[in-house]
Amino acid sequence: MSINVIYILWLRQIKRYFRSKARIVGSLGQPLLFLLALGFGFGPIFQKAGQGNYIQFLTPGIIAMSILFTAIFSGIEIIWDRQFGFLKETLVAPVSRLEIMLGRTLGGATVATLQGVIVFVLSLFVGFHIYSLIALPFAFIFMFFMALLFTALGTAIASVLKDMQGFQLIMNFLIMPIFFLSGALFPLDGLPKVIEVIARCNPLSYGIDALRATLSGVAHFGLLNDSIFLFIGVAVLLFVGSFLFSKIEA
Amino acid sequence: MNIIEVKNLTKRFGDFVAVDNISFTVEKGEVFAFLGPNGAGKTTSIRMMTTLLAPSEGEIILNGINPQKDQAEARKSFGIVFQDPSVDEELTAYENMEFHGVLYKVPKDVRRKRIEELLKIVELWDRKNHLVKTFSGGMRRRLEIARGLLHHPQVLFLDEPTLGLDPQTRNHIWSYIMNLNSLEQITIFFTTHYMGEAESIATKVVIIDRGKIVATGTPAELMKKTSADTLEKAFLALTGTTIREEEAGAIDHLRMGRKMHHR
Ligand SMILES: Nc1ncnc2c1ncn2[C@@H]1O[C@H](COP(=O)(O)OP(=O)(O)O)[C@@H](O)[C@H]1O
Ligand SMILES: [Mg+2]
Numbered sequence: 107m108s109i110n111v112i113y114i115l116w117l118r119q120i121k122r123y124f125r126s127k128a129r130i131v132g133s134l135g136q137p138l139l140f141l142l143a144l145g146f147g148f149g150p151i152f153q154k155a156g157q158g159n160y161i162q163f164l165t166p167g168i169i170a171m172s173i174l175f176t177a178i179f180s181g182i183e184i185i186w187d188r189q190f191g192f193l194k195e196t197l198v199a200p201v202s203r204l205e206i207m208l209g210r211t212l213g214g215a216t217v218a219t220l221q222g223v224i225v226f227v228l229s230l231f232v233g234f235h236i237y238s239l240i241a242l243p244f245a246f247i248f249m250f251f252m253a254l255l256f257t258a259l260g261t262a263i264a265s266v267l268k269d270m271q272g273f274q275l276i277m278n279f280l281i282m283p284i285f286f287l288s289g290a291l292f293p294l295d296g297l298p299k300v301i302e303v304i305a306r307c308n309p310l311s312y313g314i315d316a317l318r319a320t321l322s323g324v325a326h327f328g329l330l331n332d333s334i335f336l337f338i339g340v341a342v343l344l345f346v347g348s349f350l351f352s353k354i355e356a
Numbered sequence: 337m338n339i340i341e342v343k344n345l346t347k348r349f350g351d352f353v354a355v356d357n358i359s360f361t362v363e364k365g366e367v368f369a370f371l372g373p374n375g376a377g378k379t380t381s382i383r384m385m386t387t388l389l390a391p392s393e394g395e396i397i398l399n400g401i402n403p404q405k406d407q408a409e410a411r412k413s414f415g416i417v418f419q420d421p422s423v424d425e426e427l428t429a430y431e432n433m434e435f436h437g438v439l440y441k442v443p444k445d446v447r448r449k450r451i452e453e454l455l456k457i458v459e460l461w462d463r464k465n466h467l468v469k470t471f472s473g474g475m476r477r478r479l480e481i482a483r484g485l486l487h488h489p490q491v492l493f494l495d496e497p498t499l500g501l502d503p504q505t506r507n508h509i510w511s512y513i514m515n516l517n518s519l520e521q522i523t524i525f526f527t528t529h530y531m532g533e534a535e536s537i538a539t540k541v542v543i544i545d546r547g548k549i550v551a552t553g554t555p556a557e558l559m560k561k562t563s564a565d566t567l568e569k570a571f572l573a574l575t576g577t578t579i580r581e582e583e584a585g586a587i588d589h590l591r592m593g594r595k596m597h598h599r
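Residue numbers (this note's numbering), protein chains in the order written: chain A, 107 to 356; chain B, 337 to 599.
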């Protein structure tokens with residue numbers, strides 16, 4: 107394991123992120139729209155149903171959403187690297203596939219976390235308020251773990267897909283369901299059994315729950331459960347991602 | 337000592353035989369030209385020697401290592417300049433060099449010195465902090481070559497390195513490479529369509545056509561065999577004068593669509 111190798115791969119992801127200003131701004135549009143439209147649109151009903159302030163409930167879900175999408179896209183970037191030819195350069199180098207996978211994944215996860223932090227800051231202007239300053243650093247740690255998990259998932263997907271053609275399928279049948287069936291937009295109590303079971307198997311549910319616990323002070327599964335499931339999710343996906351990436355061909 | 341031994345190497349893509357039972361050896365320190373018309377199977381052979389592609393049949397020994405079985409060890413033995421683009425457009429020229437140097441564990445002080453030296457040779461030093469996406473085709477090509485020369489491996493594969501470059505630049509680059517070859521005994525394995533280049537620097541030539549080896553020898557031997565006074569004439573005598581279409585793969589088409597392709 108070479109720290110320098112992992113560092114330079116990490117740095118590449120960071121540089122590419124900060125250089126594409128359009129991408130940063132563009133990918134803020136969707137979470138902001140969700141926050142404003144859903145937050146203010148469903149706010150009154152949510153309140154009437156006795157669930158409290160909807161912005162307070164929704165914000166962690168929207169932060170998680172932007173982390174989910176940014177992380178998956180960072181992982182998927184491998185496909186672009188293959189099409190632009192750069193993947194060959196890394197694959198013939200005398201470095202292990204694990205180092206390449208780790209460097210990229212840490213870079214992608216850092217970028218996704220930054221994106222989550224930006225959405226968090228924006229939400230403060232929309233009316234979100236954190237319940238505890240002490241819990242705030244833990245929220246950032248959970249964001250990073252979520253980012254790590256989904257970047258690894260993106261890497262795994264990119265290692266299997268040969269080009270972007272299969273991506274629409276992945277988007278509609280994997281990523282969208284992960285988002286919509288995670289409790290990002292609605293509470294998980296009193297749901298039909300099927301949806302509840304799916305939500306319970308969805309790693310994003312635990313990430314969002316952990317964010318609610320640390321940002322808004324409410325939790326469905328509880329922080330301990332959240333931490334355990336997130337940790338297992340990260341471990342499993344890093345393993346699967348590394349395995350699939352080790353089989354990749356330029 | 338043979339640094340490369342290729343025995344009965346074959347590569348099939350479906351029913352199509354791209355490389356057809358070829359065998360040859362390269363001695364350490366040799367300047368080996370692997371020549372052939374478009375689609376002959378040169379790049380496919382190089383991809384197999386550099387761990388990027390699994391052979392259908394046959395064996396390769398590179399620096400005593402089987403690149404199929406022991407990929408990690410094999411990768412420590414060679415460097416390569418690819419025929420197709422492989423630089424990161426979103427990084428600067430310098431960053432691309434730095435990235436390569438770190439991946440190949442070139443010590444920092446050596447790295448700094450060589451990056452400057454090489455970028456000056458390919459005349460990109462004053463553009464070192466510009467993003468590669470602002471570069472012309474020729475500039476990108478020069479960067480690819482400079483990057484490939486940053487670490488000093490046992491064997492250096494150069495797949496049509498000088499394609500599209502002007503004669504001055506080609507001369508500079510070749511004299512730098514020949515210097516590396518004589519000072520550090522680095523074996524050079526290259527392909528080119530400029531027969532003059534091969535004639536003046538190659539110590540051994542293998543000519544491949546439609547996946548099969550059609551001739552082996554020094555440039556002088558090949559010219560004598562075909563009673564030609566240049567290697568180009570010998571090459572044409574051995575491979576015929578019909579024009580070969582180069583079939584581009586799906587990925588190549590995509591790159592062409594993105595104006596990334598410059599042949
Ligand atoms: N991945 C592939 N799938 C199918 N055919 C391929 C593939 N790669 C190369 N070929 C074919 O193999 C032949 C040899 O190609 P290549 O080795 O690139 O030739 P050269 O480098 O000598 O011009 C060509 O006809 C090419 O179309
Ligand atoms: Mg070729």
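Think of the CB as a built atom: it goes at the ideal place given N, C-alpha and C, for glycine as much as any other residue.
Beta-carbon proximity check, residue i vs residue j, cutoff 7 Å
| i | j | result |
| --- | --- | --- |
| residue 249/A | residue 222/A | yes |
| residue 206/A | residue 216/A | no |
| residue 264/A | residue 185/A | yes |
| residue 164/A | residue 181/A | no |
| residue 539/B | residue 366/B | yes |
| residue 549/B | residue 382/B | no |
| residue 172/A | residue 225/A | yes |
| residue 256/A | residue 178/A | yes |
| residue 339/A | residue 309/A | yes |
| residue 313/A | residue 336/A | yes |
| residue 602/B | residue 534/B | Because chain B here runs from 337 to 599, residue 602/B falls outside it and cannot be looked at. |
| residue 676/B | residue 387/B | The question about residue 676/B has no answer here: the residues shown for chain B are numbered 337 through 599. |
| residue 192/A | residue 424/B | yes |
| residue 394/B | residue 345/B | yes |
| residue 201/A | residue 111/A | yes |
| residue 551/B | residue 559/B | no |
| residue 141/A | residue 227/A | no |
| residue 294/A | residue 326/A | yes |
| residue 433/B | residue 451/B | yes |
| residue 469/B | residue 455/B | no |
| residue 415/B | residue 487/B | yes |
| residue 467/B | residue 478/B | no |
| residue 422/B | residue 121/A | no |
Neighbour flag for residue i against chain B, beta carbons, 7 Å
| i | result |
| --- | --- |
| residue 198/A | yes |
| residue 155/A | no |
| residue 131/A | no |
| residue 203/A | no |
| residue 159/A | no |
| residue 206/A | no |
| residue 116/A | no |
| residue 183/A | no |
| residue 218/A | no |
| residue 192/A | yes |
| residue 210/A | no |
| residue 302/A | no |
Any C-beta of chain A under 7 Å from that of residue i
| i | result |
| --- | --- |
| residue 571/B | no |
| residue 293/B | Because chain B spans 337 through 599 in this model, residue 293/B falls outside it and cannot be assessed. |
| residue 426/B | yes |
| residue 463/B | no |
| residue 588/B | Only weak support exists for where residue 588/B lies, its pLDDT of 49 falling under 50; the coordinates are left without a value. |
| residue 438/B | yes |
| residue 460/B | no |
| residue 595/B | Residue confidence for residue 595/B is low, a pLDDT of 40 falling below 50, so the modelled location carries little weight; the figure read from the coordinates is stated next. No, its Cβ sits nowhere closer than 7 Å to a Cβ of chain A. |
| residue 412/B | yes |
| residue 350/B | no |
| residue 420/B | yes |
Practice problem: Report all residues for which the CB-ligand distance to some heavy atom of ligand 2 is below 7 Å; order them along the chain. | Solution: Listed along the chain, these residues meet the criterion: 378/B, 379/B, 419/B, 495/B, 496/B and 527/B.
Quiz item: Is it true that the segment 475-491 of chain B meets the segment 428-442 of chain B, where meeting means three or more beta-carbon pairs spaced less than 8 Å apart?
Solution: Yes, the segment 475-491 of chain B is in contact with the segment 428-442 of chain B.
Practice problem: Would you check if there are 3 or more beta carbon pairs closer than 8 Å linking the segment 158-165 of chain A to the segment 370-381 of chain B? | Solution: Cβ pair count under 8 Å is below three, so no.
Exercise. Decide yes or no for the touch test of the segment 381-401 of chain B against the segment 437-457 of chain B: beta carbon pairs closer than 8 Å, at least 3 of them.
Key: The answer is no - the segment 437-457 of chain B does not touch the segment 381-401 of chain B, with fewer than three Cβ pairs under 8 Å.
Quiz item: Below 8 Å, can you find three or more Cβ-Cβ pairs linking the segment 572-582 of chain B to the segment 537-555 of chain B?
Solution: Yes, the segment 572-582 of chain B is in contact with the segment 537-555 of chain B.
Self-check item: In chain order, each alpha helix (DSSP H) run of at least 4 residues that lies wholly inside the segment 256-317 of chain A
Solution: Fully enclosed alpha helix (DSSP H) runs of 4 or longer: 273-276, 282-286, 299-307 and 309-317.
Quiz item: Where are the alpha helix (DSSP H) runs, 4 residues long or more, that stay fully inside the segment 398-429 of chain B, in chain order?
Solution: The qualifying runs are 407-411.
Quiz item: Can you list, in chain order, the stretches of the beta strand (DSSP E) that have 3 or more residues and sit fully within the segment 536-579 of chain B?
Solution: Listed in chain order, the beta strand (DSSP E) elements of length 3 or more contained wholly in the segment 536-579 of chain B are 540-545 and 548-553.
Self-check item: Segments assigned beta strand (DSSP E), at least 3 residues, entirely inside the segment 473-547 of chain B
Solution: Inside the segment 473-547 of chain B, DSSP marks whole beta strand (DSSP E) runs of 3 or more residues at positions 491-495, 523-527 and 540-545, from first to last along the chain.
Quiz item: In chain order, which beta strand (DSSP E) runs of at least 3 residues are fully inside the segment 139-178 of chain A?
Solution: Counting only runs of 3+ residues, no beta strand (DSSP E) is found wholly inside the segment 139-178 of chain A.
Exercise. Report the residue ranges of all alpha helix (DSSP H) runs contained in full by the segment 192-242 of chain A; include only those spanning at least 4 residues, in chain order.
Key: Entirely contained in the segment 192-242 of chain A, the alpha helix (DSSP H) runs reaching 4 residues are, in chain order, 192-197 and 203-232.
Quiz item: Any chance the segment 339-355 of chain A sits against the segment 349-356 of chain B, with 3 or more Cβ pairs inside 8 Å?
Solution: Not touching, per the Cβ criterion.
Practice problem: Would you check if the segment 488-508 of chain B and the segment 519-531 of chain B touch, i.e. whether three or more CB-CB distances between them fall below 8 Å? | Solution: Because the criterion of three Cβ pairs below 8 Å is met, the segment 519-531 of chain B and the segment 488-508 of chain B touch.
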